[in-house]
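Numbering (full-length UniProt numbering), first residue to last: 1 to 310.
Below, the structure is given as C-alpha cells:
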C-alpha cells in the first residue's frame, strides 16, 4: 500500500474536453476525461460546481460522460477528478463551461452587377437574419469557395467584391452562414446571372419595394372610398323617383290650333292616404290647319288608359 502511493506521488492532472462548448437547449453532449498514465486503474468523478454527478472506473482509455443541456444551470462549470484506488492521491482537471447558441437560418444572398463590359464587377452580400453572433460567411461560385470566411459580430450583411472576365455564360452564386454550432451551417438559395441581362436577383430590393406597393394600394382604396363612392351615391339619388307630397300637381295645359277647344292633361298623385288611387293618362289628338284659316269643324279627341289601382 505504501509502495503504491510512493510510486505515483506525482499523479498528473486530468484533461476535460468536449467536441464543442456551443450547444442548443435540450442538446445531448459528451464530456471526455482523460489522463496520461492510462495503464493505471483510476476512478474518474465528474462534478458540476461542487456536486458529484457521475463516477466511473477506467483504464487504458478516456472516460466519456454523457449529459443533456437544457437549463442555464446545466452549462457548468464542470470538473473531472481522478484518484488512485486505495490511495489518497487525487487530482482535478480545469473547469469546462458550455454556452447556449441559437442556430443560423438560411441566409439571403444579393448579387448586384455595377458594370458590364468586357469584365463583370459584382457585389455579393449575404446575411442570416437569425442565429447567435458571431456568424462567418463564405461565398461560392457553384461549389467552389471564392472568398475567405468573413466574420460578422453585428447583424449586417457580409460583402464581397468580385471582378472577372465576362465569359458570356450563365453564372451561379451561393453563400454559407455558420456560427459556433459545428453541424448547423446553412446555404442560401442559388442566384443566377444571365449574360443577356447582366444582373441577378435582388431580394433586398424586393423587401424595399413591398412597403411602397402597399402604400400605393392604400392610396387607391382611399380614392375609391372618398371620391368615386360619393359620386355614385349622388347619381343614384338623381335617378330615384321624387316624392311631391300629398298636393296634386298640374303637369301642363296644352291647346290645339282650334281656338274654341282645348285639351288639359292633369296627373293626380296622392300618396299616404291609404285609399286606392287612379292615374289617368290623356293623349290629345291634334289636327294641322293652314295658317289664317279657322278650324270650325275640328274635333278634339282624347284617349284614356285603363285606371291603375294601388
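Glycine included, each C-beta is placed from N, C-alpha and C at the ideal position.
Keep in mind it's a predicted model, so treat the numbers as computed, not measured.
Query: Residue(s) in a DSSP beta bridge with residue 52; Result: 47
Query: Buried or exposed by the 16-neighbour rule on C-beta atoms within 10 Å, applied to residue 109; Result: buried
Query: Inter-residue CB distance, residue 85 and residue 41 (contact presumed, cutoff 8 Å); Result: 6 Å
Query: Residue 168 - partner residues in DSSP beta bridges; Result: Answer is none; residue 168 lacks a bridge partner.
Query: Cα-Cα separation, residue 167 to residue 193; Result: 12 Å
Query: Straight-line Cα distance separating residue 135 from residue 124; Result: 16 Å
Query: Beta carbon of residue 25 nearer than 8 Å to that of residue 100; Result: yes
Query: Backbone secondary structure at residue 221 - three-state DSSP; Result: helix
Query: N-terminal and C-terminal residue of the beta strand (DSSP E) that residue 136 is part of; Result: 135–141
Query: Where residue 94 falls, given that 16 or more other Cβ within 10 Å makes a residue buried; Result: exposed
Query: Residues bridged to residue 33 (per DSSP); Result: 16, 63
Query: Three-state class that DSSP yields for residue 100 in the structure shown; Result: strand
Query: Rounded distance between the beta-carbons of residue 59 and residue 16, thought under 8 Å; Result: The Cβ separation is near 18 Å, so there is no contact.
Query: Start-to-end residues for the beta strand (DSSP E) that takes in residue 89; Result: No beta strand (DSSP E) contains residue 89, which DSSP labels as neither H nor E.
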